[in-house]
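Here's the structure we're looking at; comments come further down.
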Amino acid sequence: MRTTFIDSLLALAERDERIFLLCGDLGYSVLEPFARRFPERFLNVGIAEQNMVGLATGLSMEGYTVFCYSIGNFPTLRAMEQIRYDVCYHEANVKIIAVGGGYAYGPLSTSHHTTEELGMLRTIPGLVVTAPGDPSEVAAMTGFIASHPGPCYMRLNKAGEPRLHAAPPEVSLGRALALKQGAHRAAVFATGDMVGYASRYIEQHGLAADLYSFPFVNPIDTAQLAELAARYSQIATLEEHQANGGFGSAILERLHDLLSEGRLAALPAVKRIAIPNAFISSAGTQDYLREQMSLTLRDWPAGQS
Amino acid sequence: MTTTQDLARNIRLQCLQMCFNKRASHLGGALSVADVLAVLYGSVLHKDPAQPKAPQRDRLFYSKGHACTALYAVLAETGYYPHAALETFTDNGSYFTSHVNHKVPGVELSTGSLGHALSVAAGTALAGKRRQADWHVFAVVSDGELDEGSNWEAILFAPHHKLDNLTLVVDYNKIQSFGSTAEVLNLDPLADKFRAFGWDCIEVDGHDHGQLSAALAKTGRQPGKPRVVVAHTVKGKGVSFMENQLAWHYKSPDAAQFAAAREELTQGHAA
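Following this line, the structure appears as structure tokens:
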């Protein structure tokens, strides 16, 4: 995903001289092509994420579309107030890019586990929060956020993720993307790299369920969600994030709002699959840690497997 | 013609009036920075109040958002909006909130959470450098907010990137929210710290307009270095019973105090 991101950004920067890339002393062997090609629109600001986001705000006020790139928690949690107050309150054209979402940097321990940022960021007014599901979504989303006038966040996994879409997907604000559709009454709603996991699981286990990628955690298109909720009796939400306040919470909130507004006749059964609001202290690969934290479609839907 | 001395007096009177009318606080820090703002807006900044966002303007980022009355006052005094607008200060629905609001004409950045504006100012200065613009960027910070580490990230950044189009002013009145800066978290030797970080540092009496004018001038600067003006000021400056008193970080004047302060401010700067 990160390679796709930087390739996409390079291509955009060739056409759009407003694009500026800041990094917080991270991106070795990834960002160099951009830095070489556009030295006047690249800067390593050092290990100083609060300043990076403030700088980005200042640059954006002078007309730049500023991307801030770093690992996981650093450009998000570390700079949360700068994102809220400097970027979002001023509707600054700043894009926060975090590589290594969830447990992508599993063995590096809790400091590098990015498992709370979606919930924190999606509460900030005006911030578009995204987690593309595969490299083709990353490419489309990079284009989308570059042209979206205002604050955006994009969570990337790491490297080597397979492409899930047969053709380049078209992203539009808040819309989920159908990946597998059939005559099923059950569907998986996944975000970020869990889309890839879900796709593999469904195929390997012959799970009778449809699959949707939600590259947008905020906003979520409620009209589309209402259609999907009416179509399925069982929905599993799947995210590599704490259960509190994340993607599954966002889906539940919207569904309940739809019900209370009379736009939905009944609620489907929703199973939230997320990290059970716990830290994990042991080392492990991304797959291992997901397993430890029960991020699995096993036992869903009830009675099927 | 209005002198910067007249301007400073009018800023102080407006701050006093606003804090009295609306039972608002942070008067002490507004009075301490009044001369800095008077010199900046009266004689230094290139600006056009009729076009607050004119591309060629100098940018001023005012980080001590709690001392908003001084900024709101100087913007009224210099023609960004009528003085009557100040009467809505803190009213329901007014943009004149009691921490600085960028919805007010002439305000570049909302501030109130401390330690934010210098980074934004540095980003703006960087954009100016990259685009070879000839406008200048100013940031005004309080001393207490230098406790925030984010400032020191920016203080490290600006000289490294040779932002000689950036001027930082520290309103060094030496009193923060809950005590003196020396007691709470000592900043001294502040000028030496900035010099060690690579800044062109000038210390001035922050109430001496001649010294401020010279230090804030956009000409005669050291190439490749951002400048910091450590302005030694007095919290509550201009009102004898408010000067150097921690309480005036919070208190708003009662009627008698208002009248006495108004008298002092009016007389004290009478030409």
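Protein chains in written order, with the numbering used here: chain Y, 1 to 305; chain D, 1001 to 1271.
From the three backbone atoms N, C-alpha and C, an ideal C-beta is built for every residue, glycine too.
Predicted, not measured: the structure shown is a model, and the values here were computed from it.
Kindly indicate which residue of Val1228/D, Glu1263/D, Leu1156/D has the alpha-carbon position closest to the one of Asn51/Y. Leu1156/D
With a 10 Å radius around its C-beta and 16 neighbouring C-beta atoms as the bar for buried, classify Gln1017/D as buried or exposed. buried
Would a check of beta-carbon distances place Thr222/Y closer than 7 Å to chain D? no
Whose Cβ in chain Y lies nearer than 8 Å to the Cβ of Ala1127/D? Gly58, Leu59, Met61, Glu62, Gly63, Tyr64
Checking contacts by CB at 7 Å: is Asp86/Y closer than that to chain D? yes
Between the stretch 1188-1201 of chain D and chain Y, which residues of the former have a C-beta closer than 7 Å to a C-beta of the latter? none
Quick one: any contact between the stretch 1159-1173 of chain D and the stretch 1227-1235 of chain D, if contact means 3 or more CB pairs under 8 Å? yes
Distance between Thr296/Y and Leu289/Y (C-alpha atoms, nearest Å): 11 Å
Min CB distance Leu118/Y to chain D below 7 Å: no
Under 7 Å, Cβ to Cβ, is there at least one residue of chain D near Arg18/Y? no
For Thr115/Y, which of Ile96/Y, Met141/Y, Thr76/Y, Gly133/Y has the nearest alpha-carbon? Thr76/Y
Beta-carbon proximity list for Arg185/Y, same chain, < 7 Å, skipping 5 on both sides: Tyr232, Ser233, Gln234
Relative to chain Y, which residues along the stretch 1135-1153 of chain D have a C-beta separation below 7 Å, given in chain order? Ser1150, Glu1153
Return the first residue and the last residue of the beta strand (DSSP E) that Cys88/Y is part of. That residue, Cys88/Y, is in no beta strand (DSSP E); it is neither H nor E in DSSP.
Quick check on DSSP: helix, strand or coil for Ala1270/D? Confidence at Ala1270/D is low in this model, with a pLDDT of 41, below 50, so the placement of that residue should be treated as unreliable; the coordinate-derived value is given next. Ala1270/D: coil per DSSP, three-state reduction.
In DSSP terms, what Met80/Y is bridged to: DSSP output for Met80/Y lists no bridge partner at all.
Option in Ser294/Y, Trp300/Y, Ala183/Y, Gln286/Y with minimal Cα separation from Ser109/Y: Gln286/Y
Quick check: Met194/Y and Glu239/Y, are their CB atoms within less than 7 Å of each other? yes
Alpha carbon of Val217/Y to alpha carbon of Leu1118/D, nearest angstrom: 32 Å
In chain order, what residues of the same chain have a beta carbon less than 8 Å from the beta carbon of Leu258/Y, not counting five sequence neighbours either side? Thr222, Leu225, Ala226, Ala229, Leu264
Could you give the DSSP three-state label for Met1242/D: helix, strand or coil? coil
When you compare the CB of Arg1130/D with every CB in chain Y, is at least one pair closer than 7 Å? yes
Find out if the Cβ-Cβ distance for the pair Thr1124/D, Ser1063/D is shorter than 7 Å. no
In angstroms with no decimal places, state the Cα-to-Cα distance between Gly101/Y and Tyr212/Y. 19 Å
Pull up the distance between the alpha-carbon of Ala1034/D and that of Gly1206/D, whole angstroms please. 9 Å
Compare the Cα-Cα distances from Met61/Y to each of Ile96/Y, Val45/Y, Arg18/Y, Arg37/Y and report the closest residue. Arg18/Y
Closer than 7 Å, Cβ to Cβ, to anything on chain Y: give me those residues from the stretch 1051-1078 of chain D, in chain order. none
From the DSSP output, in three-state form, read off Asp1171/D for me. strand
List the endpoints of the continuous beta strand (DSSP E) containing Asn51/Y. Unbroken run through Asn51/Y is the alpha helix (DSSP H), 49-61; no beta strand (DSSP E).
At 8 Å on the CB atoms, spell out the chain Y contacts of Phe1157/D, in chain order. Val45, Gly46, Ala48, Asn51, Leu55
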